[in-house]
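Engineer:
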Amino acid sequence: MKRALVLSGGGSKGAFQYGALRYLFDHEMQGEPPAHYFNIISGVSVGALNGVMLAQNHFTELTQLWENITTNDIYKGNLHIIRIFWRLLTHKLGVMNNKPLQDLIYKNISLKEVDQVHCDFMFGSVSLDSGLYYTFHTHDFDDEDQFRHGILASSSMPVIWPPVKEIRNKEGIPFRQLVDGGIRNVSPLGDVIDFNPDEVVIINCNALDFKPYPDPAKNMIKIAARALTEITINQIFRQDIREFLHINDIIRQLPEGVSIKKADGTFFKKYKSILIEPSHDLGDALDFSRYKIDSHIQDGYEAAKKVYQSSFEQKT
6 MKRALVLSGG
16 GSKGAFQYGA
26 LRYLFDHEMQ
36 GEPPAHYFNI
46 ISGVSVGALN
56 GVMLAQNHFT
66 ELTQLWENIT
76 TNDIYKGNLH
86 IIRIFWRLLT
96 HKLGVMNNKP
106 LQDLIYKNIS
116 LKEVDQVHCD
126 FMFGSVSLDS
136 GLYYTFHTHD
146 FDDEDQFRHG
156 ILASSSMPVI
166 WPPVKEIRNK
176 EGIPFRQLVD
186 GGIRNVSPLG
196 DVIDFNPDEV
206 VIINCNALDF
216 KPYPDPAKNM
226 IKIAARALTE
236 ITINQIFRQD
246 IREFLHINDI
256 IRQLPEGVSI
266 KKADGTFFKK
276 YKSILIEPSH
286 DLGDALDFSR
296 YKIDSHIQDG
306 YEAAKKVYQS
316 SFEQKT
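As structure tokens, then:
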């Protein structure tokens with residue numbers, strides 16, 4: 006079976022993804038390495054980080070990362086209004102410093118190790134210069150630093166963190182001012198369909214509804230940041246999920262022998278689809294407190310358990 010994994014963005018809520026993946030590793034993979042169980046892995050933002058670790062078969066390292074991660078491992082700074090004004094006055098392109106995240110990526114990610122596994126791994130990023138969304142594949146790179154900077158670019162929430170100034174693929178083509186791929190109306194879900202998988206597993210770490218901050222007047226900056234980084238990206242991804250599931254449901258109901266042709270001349274295919282997502286808002290994407298991370302991991306594990314057990318009961 007050709008199986009694809011799609012991972013959304015969500016900052017610290019990537020711990021929910023890890024919790025769901027933990028359940029799959031314990032109960033579904035049956036000892037099979039992640040990059041063999043999933044033939045295709047696609048992600049944006051924290052989904053790109055989790056995805057590339059799986060594509061290296063580094064599940065043990067991914068476990069250690071999420072079980073020990075702190076705010077200091079991801080960024081420096083805060084959303085205090087004085088700090089923001091100072092960053093603007095000094096012409097900084099991001100409110101916070103993401104040098105710790107860059108160091109984490111350099112420590113844990115290797116293009117060579119992804120190449121050795123032969124898993125189709127891809128991630129997305131948007132250029133603030135061109136306004137275009139770019140899907141990057143492992144085979145687009147032959148330089149470790151360029152590949153790592155690409156993952157950093159996909160993880161760079163706009164406004165919160167500065168864009169990556171430039172990366173170059175192995176042909177030397179430059180891509181400039183790159184940020185989180187989730188801000189355009191393209192999601193990693195669309196990327197995997199071109200590979201014609203038999204099963205698509207989607208782990209979305211954002212719930213349908215967001216909780217408002219209890220005191221909007223005192224949290225204006227946080228609300229603005231959340232609107233730019235979470236709400237917009239979440240709605241784009243959810244729209245893609247709804248469209249995919251709707252079309253798939255129509256195709257699955259067609260009589261035997263009946264098919265629908267796409268605009269490019271190929272035919273729509275029935276996919277086995279598995280959607281894992283939280284039942285409630287997980288909160289601030291920049292909250293890497295130990296309590297929140299552990300809670301997200303548990304939520305992800307339980308959500309995956311519920312989905313797979315429900316699927317098993319329907320079969321029997």
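Residue 157 in my numbering sits at position 152 of the sequence shown, and the numbers go up by one each step.
Glycine is no exception: its CB is placed at the ideal position from the N, C-alpha and C atoms.
Taking its Cβ as the centre, do 16 or more other Cβ atoms sit within 10 Å of V191, making it buried, or is it exposed?
Structural biologist: Here residue 191 is taken as the residue at index 186 of the sequence shown, counted from 1. With a pLDDT of only 43 at V191, under 50, the local geometry of the prediction cannot be trusted, and the value read off the model is given with reservation. So V191 counts as buried.
Engineer: Taking only three categories from DSSP, how would you classify S159?
Structural biologist: Taking the sequence shown and counting its residues from 1, one reaches residue 159 at position 154. Residue state, collapsed to three classes: helix.
Engineer: Going by DSSP, name the residue or residues bridged to G129.
Structural biologist: Translated into positions along the sequence shown, residue 129 becomes position 124. T140, per the DSSP bridge assignment.
Engineer: Alpha carbon to alpha carbon, how far is G129 from L12? Give it in angstroms, no decimals.
Structural biologist: On the sequence shown, residue 12 is found 7 positions in, with the first residue counted as 1. On the sequence shown, residue 129 is found 124 positions in, with the first residue counted as 1. Here the alpha carbons of G129 and L12 stand approximately 11 Å from one another.
Engineer: Taking only the alpha-carbon atoms, compute the straight-line gap between V312 and H63 and give it to the nearest angstrom.
Structural biologist: Walking along the sequence shown from the start, residue 312 turns up at place 307. Walking along the sequence shown from the start, residue 63 turns up at place 58. Each residue's CA atom was taken as its position, placing V312 and H63 some 25 Å apart.
Engineer: Would you mind stating whether V205 and I298 have Cβ atoms separated by less than 9 Å?
Structural biologist: The residue given as residue 205 occupies position 200 in the sequence shown. The residue given as residue 298 occupies position 293 in the sequence shown. No, they are not a contact pair.
Engineer: How is the alpha helix (DSSP H) around I110 delimited, first residue to last?
Structural biologist: On the sequence shown, position 105 is the one that residue 110 refers to. Boundaries of the alpha helix (DSSP H) around I110: K104 to N113.
Engineer: Quick check on the DSSP output: the beta strand (DSSP E) that includes K117 runs from which residue to which?
Structural biologist: Here residue 117 refers to the residue found at position 112 of the sequence shown. That residue, K117, is in no beta strand (DSSP E); its alpha helix (DSSP H) goes L116 to V122.
Engineer: Ignore the nearest five residues each way along the sequence and tell me which others in Q151's own chain have a CB closer than 6 Å to its CB.
Structural biologist: Residue 151 sits at position 146 when you count from the first residue of the sequence shown. Around Q151: I172 and R173.
Engineer: Hey, quick one: how far does the beta strand (DSSP E) through E72 stretch, first residue to last?
Structural biologist: The count along the sequence shown starts at 1 and reaches residue 72 at position 67. Judged by DSSP secondary structure, E72 falls outside any beta strand (DSSP E) and instead within the alpha helix (DSSP H) spanning F64 to N73.
Engineer: Put V148 into one of helix, strand or coil per three-state DSSP.
Structural biologist: Sequence index remark: in the sequence shown, residue 148 carries index 143 (1-based). One point to set straight first is that residue 148 is Asp, not Val, in the sequence displayed. In the structure shown, the three-state DSSP call for D148 is coil.
Engineer: Apart from the five residues just before and just after K117, which ones in its own chain have a Cβ nearer than 8 Å to its Cβ?
Structural biologist: Position 112 of the sequence shown holds residue 117. E149, listed in sequence order.
Engineer: What three-state label does DSSP hand E37 in the structure shown?
Structural biologist: Along the sequence shown, read from residue 1 onward, the residue named residue 37 stands at position 32. It is coil, neither helix nor strand.
Engineer: How about the segment 37–46 and the segment 54–69: do they share at least three Cβ pairs that are nearer than 8 Å?
Structural biologist: Judged by Cβ distances under 8 Å, the segment 37–46 makes contact with the segment 54–69, as three or more pairs qualify.
Engineer: Sort out for me which residues DSSP pairs E171 with in a bridge.
Structural biologist: In the sequence shown, the residue the question calls residue 171 occupies position 166. In the DSSP output, where bridge partners are listed per residue, E171 has R181.
Engineer: Please report the residue range of the alpha helix (DSSP H) in which L26 lies.
Structural biologist: Counting from 1 along the sequence shown, the entry for residue 26 is found at position 21. Looking at the DSSP string, the run of the alpha helix (DSSP H) that includes L26 is G19 to H32.
Engineer: How close, in whole Å, do the beta carbons of F293 and S47 come, if the pair is a contact with beta carbons under 8 Å?
Structural biologist: Start at 1 with the first residue of the sequence shown, and residue 293 comes out as number 288. Start at 1 with the first residue of the sequence shown, and residue 47 comes out as number 42. So it is not a contact: roughly 24 Å between Cβ atoms.
Engineer: Quick one: using the 10 Å Cβ neighbour count with 16 as the cut-off for buried, is G52 buried or exposed?
Structural biologist: For the purposes of this step, residue 52 is taken as the residue at position 47 of the sequence shown. Result: buried.
Engineer: So the alpha helix (DSSP H) A53 belongs to, where does it begin and stop?
Structural biologist: On the sequence shown, residue 53 is found 48 positions in, with the first residue counted as 1. A53 -> alpha helix (DSSP H) spans V51 to A60.
Engineer: I'd like the list of long-range same chain contacts for Y23, defined as Cβ closer than 7 Å, with 5 residues on each side in sequence excluded.
Structural biologist: In the sequence shown, counting from the first residue as 1, residue 23 sits at position 18. Hits under 7 Å: N55, L67, W71, I302 and G305.
Engineer: Grab me the residues of D196's own chain with a C-beta within less than 6 Å of its C-beta, minus the 5 sequence neighbours each way, in chain order.
Structural biologist: Stepping through the sequence shown from its first residue, residue 196 is reached at position 191. The residues S47, M127 and T140, in chain order, have a CB closer than 6 Å to that of D196 in the same chain once the five nearest residues on each side in sequence are set aside.
Engineer: Hey, would you say A212 sits closer than 9 Å to Y28, going by beta carbons?
Structural biologist: Translated into the one-based positions of the sequence shown, residue 212 becomes position 207. Translated into the one-based positions of the sequence shown, residue 28 becomes position 23. Contact: no.
Engineer: Going by other Cβ atoms of all chains shown within 10 Å of its Cβ, with 16 needed for buried, is I165 buried or exposed?
Structural biologist: For the purposes of this step, residue 165 is identified with residue 160 of the sequence shown, where counting begins at 1. The residue in question, I165, is buried, as its Cβ has 16 or more Cβ neighbours within 10 Å.
Engineer: For I114, tell me which candidate among T76, L157, N73 and S132 has the shortest Cα-Cα distance.
Structural biologist: Against the sequence shown, residue 114 aligns to sequence position 109. Nearest option by C-alpha distance: L157.
Engineer: Please report the straight-line C-alpha distance between V169 and V184, rounded to a whole angstrom.
Structural biologist: Position 164 of the sequence shown holds residue 169. Position 179 of the sequence shown holds residue 184. Roughly 7 Å separates the two Cα atoms.
Engineer: Excluding five sequence neighbours on each side, which residues of the same chain lie with their C-beta closer than 6 Å to the C-beta of L10?
Structural biologist: The residue you call residue 10 lines up with position 5 of the sequence shown. Within the same chain, L10 has close Cβ partners F43, I46 and V206.
Engineer: Using the three-state DSSP reduction, which class does G288 fall into: helix, strand or coil?
Structural biologist: What you label residue 288 is simply residue 283 of the sequence shown in a count that begins at 1. Of the three classes helix, strand and coil, the one that applies to G288 here is coil, per DSSP.
Engineer: Pop quiz: G186 and V49 are said to be a contact at Cβ under 8 Å. What is the actual Cβ separation, rounded to whole angstroms?
Structural biologist: Counted from its first residue, the sequence shown places residue 186 at position 181. Counted from its first residue, the sequence shown places residue 49 at position 44. 4 Å between Cβ atoms; contact.
Engineer: If you draw a straight line from the alpha carbon of I74 to that of S132, how long is it in whole angstroms?
Structural biologist: Mapped onto the sequence shown, residue 74 falls at position 69. Mapped onto the sequence shown, residue 132 falls at position 127. The straight-line gap from Cα to Cα measures roughly 29 Å.
Engineer: Would A290 and M162 qualify as a contact pair, given that the criterion is a beta-carbon distance under 9 Å?
Structural biologist: Within the sequence shown, numbered from 1, the residue matching residue 290 stands at position 285. Within the sequence shown, numbered from 1, the residue matching residue 162 stands at position 157. When the beta-carbon positions are compared, A290 and M162 come within less than 9 Å of each other.
Engineer: In the DSSP output, which residue or residues are listed as bridge partners for S278?
Structural biologist: Reading the sequence shown from its first residue, position 273 is the one you call residue 278. Paired residues: V205.
Engineer: Does Y296 pass the burial test, meaning 16 or more other C-beta atoms within 10 Å, or should it be called exposed?
Structural biologist: Stepping through the sequence shown from its first residue, residue 296 is reached at position 291. Counting every other CB atom within 10 Å of its CB across the protein chains shown gives Y296 a total below 16, marking it as exposed.
Engineer: How is S300 classed by DSSP in three states: helix, strand or coil?
Structural biologist: As a working note, residue 300 is residue 295 in the sequence shown. Three-state result, S300: helix.
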